[in-house]
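Asker: Just so we're aligned, residue 0 is where the sequence shown starts under numbering that gives the first Met the number 0, counting upward by one. For each residue, glycine too, the CB sits at the ideal point set by N, CA and C. The structure that follows is given in the form of structure tokens.
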Amino acid sequence: MVENYGSSELARRFGVTRYPAIFADDVLVATPRDFGFYGKGEGQGQGRYAPLKSAASHERFRRDLGQVLDLLVAGRRGDAAAATRQDEAAELAELPAFTLTDLDGRAVNREDLAGRVVLVEFWATWCPPCRGTLSWLGELRRRHGDRVVVLAIALESDEADVRGLAAKLGAPLRWSMGTPE
Numbered sequence: 000m001v002e003n004y005g006s007s008e009l010a011r012r013f014g015v016t017r018y019p020a021i022f023a024d025d026v027l028v029a030t031p032r033d034f035g036f037y038g039k040g041e042g043q044g045q046g047r048y049a050p051l052k053s054a055a056s057h058e059r060f061r062r063d064l065g066q067v068l069d070l071l072v073a074g075r076r077g078d079a080a081a082a083t084r085q086d087e088a089a090e091l092a093e094l095p096a097f098t099l100t101d102l103d104g105r106a107v108n109r110e111d112l113a114g115r116v117v118l119v120e121f122w123a124t125w126c127p128p129c130r131g132t133l134s135w136l137g138e139l140r141r142r143h144g145d146r147v148v149v150l151a152i153a154l155e156s157d158e159a160d161v162r163g164l165a166a167k168l169g170a171p172l173r174w175s176m177g178t179p180e
């Protein structure tokens with residue numbers, strides 16, 4: 000299945016057209032290429048976090064993402080952007096305008112998140128590695144408190160399954176349903 004994630008302003012600015020892409024605020028932390036995905040039908044190859052199933056790759060990703068979040072929370076946005084490979088993507092001036100509704104029925108938009116580090120995680124219930132990442136993001140959120148917001152946007156998943164996993168994990172994330180658009 001080919002997924003087009005280039006429809007959002009954030010993805011468009013960075014030229015991201017596929018999953019997985021990890022953003023913290025307006026800093027692009029990782030692209031499909033970083034996970035070893037190079038194009039339609041190419042599967043896993045070389046990348047900072049490849050092979051995807053490797054525990055060492057997961058730890059490297061967690062360490063790098065944690066470093067970026069720590070820098071953002073400390074107000075060091077420039078250093079956070081420099082900590083990622085910006086040579087493949089342009090930098091955003093600001094988080095683009097958006098509106099979504101979380102699973103509790105509360106609206107979420109850029110204005111509500113002003114002054115906090117925002118991490119957007121696109122995930123799916125059928126993705127086993129996503130569960131570990133969501134748990135870990137919940138730990139980061141607990142550690143940084145209200146200074147960090149994690150938007151966990153489920154794609155290609157049934158809402159009942161998303162609600163069940165959110166309850167099971169108990170992670171303090173803003174859970175939401177999403178579409179590639």
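#1: Drop a sphere of 10 angstroms on the beta-carbon of Met132, count the other beta-carbons inside from all chains shown, and report buried for 16 or more, exposed for fewer.
#2: Any contact of the region 127 to 144 with the region 97 to 109, i.e. 3+ C-beta pairs under 8 Å?
#3: Pick helix, strand or coil for Glu58, following the three-state DSSP scheme.
#4: Please confirm whether Leu68 and Val147 have their CB atoms less than 8 Å apart.
#5: What are the partner residues of Arg173, as DSSP defines its beta bridges?
#6: Given Ala29, which residues of its chain have a CB within under 6 Å of its CB, disregarding the five upstream and five downstream residues?
#7: Per DSSP, what kind of secondary structure is Glu41 in: helix, strand or coil?
#8: Who does Phe22 pair with in a DSSP beta bridge?
#9: Looking only at its own chain, which residues have a Cβ that is under 6 Å from the Cβ of Asp160, when we skip the five neighbours before and after it?
#10: Among all the DSSP beta bridges, which residues are the ones paired with Asp101?
#11: In terms of alpha-carbon separation, which member of Gly65, Ala82, Arg32 and Val26 lies closest to Leu139?
Answerer: Taking the geometry as given:
#1: By one-based count along the sequence shown, residue 132 stands at place 133. A small correction: the amino acid at residue 132 is Thr; Met does not occupy that position in the sequence shown. Here Thr132 is buried: its Cβ has 16 or more other Cβ atoms, across all protein chains shown, within 10 Å.
#2: Result no; under three Cβ-Cβ pairs closer than 8 Å.
#3: In the sequence shown, the residue the question calls residue 58 occupies position 59. Here DSSP, grouped into helix, strand and coil, assigns Glu58 to helix.
#4: Along the sequence shown, one-based indexing puts residue 68 at 69. Along the sequence shown, one-based indexing puts residue 147 at 148. Yes, the Cβ-Cβ distance between Leu68 and Val147 is below 8 Å.
#5: To locate residue 173, count along the sequence shown from 1; it is residue 174. Within the DSSP secondary-structure output, Arg173 pairs in a beta bridge with Leu150.
#6: Numbered from its first residue, the sequence shown carries residue 29 at position 30. Same-chain partners within the cutoff: Ile21.
#7: Here residue 41 refers to the residue found at position 42 of the sequence shown. Annotation note: pLDDT 44 at Glu41 (below 50); position unreliable, coordinate value reported separately. Three-state DSSP puts Glu41 in coil, outside helix and strand.
#8: If you number the sequence shown from 1, residue 22 lands on position 23. Per DSSP, Leu27 and Val119.
#9: One-based indexing of the sequence shown puts residue 160 at position 161. Around Asp160, the same chain offers Thr124 as residues with beta carbons nearer than 6 Å, after the five sequence neighbours per side are excluded.
#10: Translated into the one-based positions of the sequence shown, residue 101 becomes position 102. Assignment of beta-bridge partners to Asp101 by DSSP yields Ser175.
#11: The residue labelled residue 139 in the question sits at position 140 within the sequence shown. For Leu139, the closest alpha carbon among the candidates Gly65, Ala82, Arg32 and Val26 is that of Gly65.
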